[in-house]
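Asks: One structure, pasted below without further comment.
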């Protein structure tokens, strides 16, 4: 599905309050329209795995963590899971931002609703290259934080020749689908 990155998080002219509201609207669109559409087309409630690369990996992980009742897992390639760079310079912060910044809310996720569902997931795959423009430390952080909460996650570090670009993600996708799914 298309995203809202240009209108929201990546838009330097957009106030963080609006960015957070746009993200919440996107979340509702996914859960209220996209998921039911997929279930209708697949003739049943089949496990949906979120997939994304770069900022799309953030969205894929965020959707799974927020709604583990709807999603079976995720394939997150070359993601960064701390979105502070997209709002911090404004000095603004609210609940919409907090509950959409994986790096903020995940360390505090200890509830009896979301966490047990996440602990039973078997298809959480976090992949990253180590080449130009990649942030392997972000994937290491996500995997480590999930593991500390008893959430199984496969973290796969690719070579230093794998840069933050489409050829890397095109190589990762068939590998992860063939190896784990």
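Numbering (my numbering), first residue to last: 28 to 208.
All residues carry an ideal CB built from backbone N, CA and C; glycine is no exception.
None of the values given here were measured: they were computed from a predicted structure.
1. With the cut-off set at 8 Å, would you say residue 162 and residue 107 are in Cβ contact?
2. Could you tell me whether the Cβ atoms of residue 97 and residue 75 are closer together than 8 Å?
3. With residue 98 as the anchor, note down where its beta strand (DSSP E) starts and where it stops.
4. Rounded to whole angstroms, what is the Cα-Cα separation between residue 181 and residue 203?
5. Round the Cβ separation of residue 149 and residue 179 to the nearest angstrom and send it over; I've been treating them as touching at under 8 Å.
6. Which one of 111, 94 and 87 has the shortest CA to CA distance from residue 101?
7. What residue from 46, 83, 174 and 70 has the CA that sits closest to residue 30's CA?
8. Name the residue from 173, 155 and 127 whose alpha carbon lies nearest to the alpha carbon of residue 147.
9. Residue 136 by DSSP, collapsed to three states: which one?
10. Check the Cβ-Cβ distances between residue 184 and every residue of chain D, and say whether any is below 8 Å.
11. Spatial neighbours of residue 62 within its chain, please: CB distance less than 6 Å, with the 5 preceding and 5 following residues excluded, ordered by chain position.
Replies: Per the coordinate set shown:
1. Going by C-beta atoms, residue 162 is nearer than 8 Å to residue 107.
2. Their beta carbons are under 8 Å apart, which means residue 97 touches residue 75 by this criterion.
3. DSSP places residue 98 inside the beta strand (DSSP E), whose first and last residues are 98–104.
4. Each residue's alpha carbon lies about 10 Å from the other.
5. About 6 Å separates the two Cβ atoms, so the contact holds.
6. Ranking 111, 94 and 87 by Cα distance to residue 101 puts 87 first.
7. Ranking the options by Cα distance to residue 30, first place goes to 83.
8. For the residues 173, 155 and 127, the minimum Cα distance to residue 147 belongs to 173.
9. Taken through DSSP and simplified to helix, strand or coil, residue 136 comes out as coil.
10. Absent from the structure: chain D. Only one protein chain is present.
11. The answer, listed in chain order, is 97.
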